[in-house]
Amino acid sequence: EAQVTQNPRYLITVTGKKLTVTCSQNMNHEYMSWYRQDPGLGLRQIYYSMNVEVTDKGDVPEGYKVSRKEKRNFPLILESPSPNQTSLYFCASTRGPRAEQYFGPGTRLTVT
Amino acid sequence: GDSVTQMEGPVTLSEEAFLTINCTYTATGYPSLFWYVQYPGEGLQLLLKATKADDKGSNKGFEATYRKETTSFHLEKGSVQVSDSAVYFCALSDRLGTSGSARQLTFGSGTQLTVLP
Chain C
1 EAQVTQNPRY
11 LITVTGKKLT
21 VTCSQNMNHE
31 YMSWYRQDPG
41 LGLRQIYYSM
51 NVEVTDKGDV
61 PEGYKVSRKE
71 KRNFPLILES
81 PSPNQTSLYF
91 CASTRGPRAE
101 QYFGPGTRLT
111 VT
Chain P
113 GDSVTQMEGP
123 VTLSEEAFLT
133 INCTYTATGY
143 PSLFWYVQYP
153 GEGLQLLLKA
163 TKADDKGSNK
173 GFEATYRKET
183 TSFHLEKGSV
193 QVSDSAVYFC
203 ALSDRLGTSG
213 SARQLTFGSG
223 TQLTVLP
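Chains as they are written, first to last, in the working numbering: chain C, 1 to 112; chain P, 113 to 229.
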């Protein structure tokens with residue numbers, strides 16, 4: 001089954017404690033993205049990747065890092081989380097910039 | 113830069129009512145346009161898309177027509193069901209990003225639809 005998986009689904013952490021949210025896709029897609037969803041703001045792109053070792057900033061990259069060492073994986077790293085990063089995070093993948101994006105189930109992060 | 117403006121919600125309708133959710137966009141190029149749907153507790157999934165002017169996307173009774181002259185992509189359904197209750201996102205995909213690379217999607221803020229039996 002074609003899918004995008006994210007882990008963990010729920011995470012509560014404290015300010016400053018480094019965390020990683022994993023994302024994996026099994027569709028051999030070149031393009032992957034991270035978004036955050038906040039009430040009234042829709043989804044905003046954090047980072048995206050066009051291929052292994054190729055990444056670029058989206059609309060709201062501050063406070064986040066990503067890496068793309070393998071085609072299937074695209075982890076999101078918060079080196080020093082802050083409360084304003086409390087949000088619902090989605091990973092997505094696609095075969096091309098104008099094609100359908102496949103979304104993971106979401107990770108709800110709370111930073112206290 | 114690119115942007116998408118959606119009709120503000122929430123929208124509450126009775127079953128079998130007609131649905132319209134307005135969406136307009138600004139883009140520098142010739143974007144592809146999408147409607148995504150998010151059911152409670154789930155990720156987004158593609159509902160329909162259109163890739164060029166005058167294209168009509170359709171799926172599950174929903175339709176939207178790519179109108180370049182009015183820069184719009186309004187979502188319509190003739191008769192909604194309780195199971196259509198969800199958040200609907202209009203989005204566009206254009207080619208240019210900050211580094212000239214594929215930028216992927218720009219989303220509207222979403223419209224919450226509730227259908228009552």
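Glycine included, each C-beta is placed from N, C-alpha and C at the ideal position.
Determine whether the Cβ of E100 (chain C) lies closer than 9 Å to any Cβ atom of chain P. Along the first sequence, one-based indexing puts residue 100 (chain C) at 100. Yes, E100 (chain C) counts as interfacial toward chain P.
Beta-bridge partners of A198 (chain P), as assigned by DSSP: Position 86 of the second sequence, counting from 1, holds the residue named residue 198 (chain P). DSSP lists P:L225 as partners of A198 (chain P).
Got a sec, what are the start and stop residues for the beta strand (DSSP E) L43 (chain C) sits in? Along the first sequence, one-based indexing puts residue 43 (chain C) at 43. 42-51 is the span of the beta strand (DSSP E), which, as asked, contains L43 (chain C).
Using 8 Å for Cβ pairs, my map puts V116 (chain P) next to C202 (chain P). What's the rounded Cβ distance? Stepping through the second sequence from its first residue, residue 116 (chain P) is reached at position 4. Stepping through the second sequence from its first residue, residue 202 (chain P) is reached at position 90. The pair is a contact, with the Cβ atoms about 5 Å apart (cut-off 8 Å).
Report the neighbours of F185 (chain P) on chain C: residues whose CB is nearer than 9 Å to its CB, in chain order. Translated into positions along the second sequence, residue 185 (chain P) becomes position 73. Per Cβ cutoff of 9 Å: no residues; F185 (chain P) is ~14 Å from chain C at best.
Leaving out five residues before and five after P105 (chain C) in sequence, what residues of the same chain have Cβ atoms less than 7 Å from its Cβ? Counted from its first residue, the first sequence places residue 105 (chain C) at position 105. Result list for P105 (chain C): Q6, R9, in chain order.
Drop a sphere of 10 angstroms on the beta-carbon of S211 (chain P), count the other beta-carbons inside from all chains shown, and report buried for 16 or more, exposed for fewer. For this step, residue 211 (chain P) is matched to residue 99 along the second sequence. With a pLDDT of 48 at S211 (chain P), under the threshold of 50, the modelled position of this residue cannot be trusted, and the question is left open.
Could you tell me whether the segment 167-187 of chain P touches the segment 127-147 of chain P, where touching means 3 or more Cβ pairs closer than 8 Å? yes
Anything in the segment 153-164 of chain P with a Cβ closer than 9 Å to a Cβ of chain C? List those residues in chain order, please. Here the close residues are G153, E154, G155, L156, Q157, L158, K161, T163.
Close Cβ partners of A162 (chain P) (< 6 Å) along its chain, the five nearest in sequence each way excluded: The sequence position of residue 162 (chain P) within the second sequence is 50, counting from 1. If we look at A162 (chain P) and ignore the five residues flanking it on each side, its Cβ neighbours are L145, G169, Y178.
Nearest by alpha-carbon distance to S197 (chain P): which of P:V123, P:D114, P:G220 is it? Here residue 197 (chain P) refers to the residue found at position 85 of the second sequence. Taking only the C-alpha atoms, the option nearest S197 (chain P) is P:V123.
Proximity test, Cβ basis, 9 Å: G161 (chain C) and chain P: The structure shown does not extend to residue 161 (chain C), since chain C is modelled only from 1 to 112, so the question has no answer here.
Measure the alpha-carbon distance for Y89 (chain C) versus L41 (chain C) and round it to whole angstroms. As a position in the first sequence, residue 89 (chain C) is number 89, starting the count at 1. As a position in the first sequence, residue 41 (chain C) is number 41, starting the count at 1. Their backbone Cα atoms lie some 13 Å apart in a straight line.
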